[in-house]
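Below: the structure, in structure tokens.
Protein chains in written order, with this note's numbering: chain A, 1 to 310; chain B, 1001 to 1235.
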């Protein structure tokens, strides 16, 4: 039996449409927030089910509408009939360690499919794993299906519009590639970095990732820019690095930057407030002495691992 | 001549400038990225409809980046029935550890679980209610309970969440970060394998456990030294 990625997308779309219906029926939400949240998840579900059938320009239009809803802050949380802390504690004691069963089924199935059926791959594996885990959790908890989707919607509403940020950055990267942005950045970097030296380009890629992440506060955004600008033209094309290996180590170099910037407020500034620290940069201060050695280690790892046989 | 060329090419970087400025000024990232995309497309000579087509096409091609939606109902159900409470039990069962060791255990727990695609940690749900108080109590047993020590221990315990999260997440072959790498590289014509990328995230994950681990143990040593100094002064 072969499961295709399109089928997995269709299931995802159906989930999103179920969340949309629950948002429409939600009695706590009202007005623009309710309309915005429902429209956002509804349009998103449509792109999952019929993304390939709808003309791309129209999908682009839907995407603009979604960004406008997010920008206008017309999204919010609703009523999910969540469990009380007492109920959770009681159930945790009754069900015990079995609770980890369905949670672990997701990675186990994902890895198994990726290894045993490489044609389907890790993504289809994730889809199958999620369905298997869902069935397992129904059996384990005997929850009502509607409540199961309420719990899913609770988590998705908490993530909110940020769920599509990666797809947006990919689209931006696509337009950057069309415009030849990478070549311009590469030319500028070539003026200050001796690009004939492989090690120098690796340093430029990793340090560029860390610095841009510090400025933007987001390693994903930095990755789209720095990889098209430095990684692909200088490290991969010019010196023949393996794109998969160089790419993953570059992202990890970006994470070293995340550890050192107040721009990544959720990771560094909010926790300082949460822990009632006096210095709001206290978390960053604790992290710098780990982040710098880790950046150096990543540079060396890329230099020694990403050029197999060269 | 060169300057002239540079001048006409630099305009192509308008998208990069918009992203940096937009994020610095805290505008909604979706709007910032969209604006940067439109500006870049216009500079590249595309019509607005062509830009919409490019955005729509890339958005649909990269839907796999958001497949974690599929896992949300499962995690939601399990949370309703006490998944987090159970994870807390697991961490709490490591009593009588020094402050640094609490952080080491938590970081490795976080790296392993997030590497399995499980998002079980977090500053609000683990650091504030469990890891920071456990570390503070352990340090207080050694006599290190001055405001300066509290500040340092809280900063260090918050860092264990970030190290565990950042240097563990790419071990999962369907992690958002890996999917973004795949998307960007495939836009440029390179096919990459998710499993291979996850494999090459392992060395950094191990290095992070070692580097942070050494720092936590050094902190333990400083706590003991501070404690015995204090005791000495009191005599």
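Each residue gets a CB set at the ideal place from its N, CA and C atoms; glycine is no exception. If you're wondering where the values come from, they're calculated on a predicted model, not measured in any experiment.
- Rounded to the nearest angstrom, the Cβ distance from residue 1180 of chain B to residue 1198 of chain B is 14 Å, too far for a contact under 8 Å.
- Residue 183 of chain A is positioned such that its CB atom lies closer than 9 Å to that of residue 233 of chain A.
- Taken through DSSP and simplified to helix, strand or coil, residue 238 of chain A comes out as helix.
- At a cut-off of 4 residues, the continuous stretches assigned as alpha helix (DSSP H) that sit fully inside the segment 1089-1167 of chain B are 1099-1115 and 1132-1141.
- Chain-order list of chain B residues neighbouring residue 130 of chain A: 1070, 1071 and 1074, by C-beta distance under 7 Å.
- Residue 53 of chain A sits exposed, since fewer than 16 C-beta atoms from the chains shown fall within 10 Å of its C-beta.
- Nearest C-alpha to residue 1124 of chain B among B/1158, B/1223 and B/1099: B/1158.
- Sequence-distant Cβ neighbours of residue 1172 of chain B in its own chain, meaning closer than 6 Å and more than five residues away, are 1115 and 1117.
- Note on geometry: alpha-carbon atoms of residue 1204 of chain B and residue 142 of chain A lie some 41 Å from one another.
- Residue 149 of chain A is a Cβ neighbour of residue 15 of chain A, given a cutoff of 9 Å.
- Secondary structure note for residue 227 of chain A: it is in no alpha helix (DSSP H), with a DSSP letter that is neither H nor E.
- Taking residue 1065 of chain B as reference, the option from B/1177, B/1200 and B/1212 with the minimal CA-CA separation is B/1177.
- Taking 9 Å as the upper bound on Cβ-Cβ separation, chain A lies near residues 1156, 1157, 1158, 1159, 1161, 1162, 1163, 1165, 1166 and 1167 of the segment 1156-1167 of chain B.
- A residue is called buried when at least 16 other Cβ atoms come within 10 angstroms of its Cβ; residue 26 of chain A meets this threshold and is buried.
- Cβ contact annotation for residue 172 of chain A (same chain, cutoff 7 Å, sequence separation greater than five): 224, in chain order.
- Looking at the backbone, the Cα of residue 99 of chain A and that of residue 1086 of chain B are separated by about 8 Å.
- It is roughly 27 Å from the alpha-carbon of residue 231 of chain A to the alpha-carbon of residue 1025 of chain B.
- Proximity of chain B to residue 20 of chain A at the Cβ level (cut-off 8 Å) is not reached, the minimal Cβ distance being about 12 Å.
- Rounded to whole angstroms, the gap between the alpha carbons of residue 162 of chain A and residue 116 of chain A is 33 Å.
- Bounds of the alpha helix (DSSP H) holding residue 1187 of chain B are 1176-1187.
- Contact of residue 1176 of chain B with chain A by beta-carbon distance below 9 Å involves 166 and 220.
- The alpha helix (DSSP H) runs lying completely inside the segment 1186-1218 of chain B and spanning 4 residues or more are 1194-1199, given in chain order.
- Going by beta carbons, residue 245 of chain A and residue 302 of chain A fall inside the 9 Å limit.
- Take residue 254 of chain A, set aside five residues on each side of it, and the residues of its chain with a beta-carbon closer than 7 Å to its own are 209, 210, 213, 219, 222 and 223, in chain order.
- Judged by DSSP in its simplified three-state form, residue 93 of chain A adopts helix.
- Think of a sphere of 7 Å around the beta carbon of residue 137 of chain A: the chain B residues whose beta carbon falls inside it are 1074, 1077 and 1078, in chain order.
- In the structure shown, residue 1085 of chain B falls within a helical segment according to DSSP collapsed to helix, strand and coil.
- The beta carbon of residue 1015 of chain B sits closer than 9 Å to some beta carbon of chain A.
- Cβ contact annotation for residue 207 of chain A (same chain, cutoff 8 Å, sequence separation greater than five): 253, 295 and 299, in chain order.
- Residue-level contact by beta carbon fails for residue 1121 of chain B and chain A, as no gap is shorter than 9 Å.
- In terms of Cβ geometry, residue 33 of chain A and residue 76 of chain A form a close pair [threshold 9 Å].
- Between the alpha carbons of residue 112 of chain A and residue 1017 of chain B lies a gap of roughly 43 Å.
- Going by C-alpha positions, residue 269 of chain A is about 29 Å away from residue 80 of chain A.
- By the criterion of a C-beta distance shorter than 7 Å, residue 69 of chain A is surrounded in its chain by 36, 39, 40 and 75, once the five residues flanking it on both sides are discounted.
- Burial check for residue 239 of chain A: the Cβ neighbour count within 10 Å reaches 16 or more, so the residue is buried.
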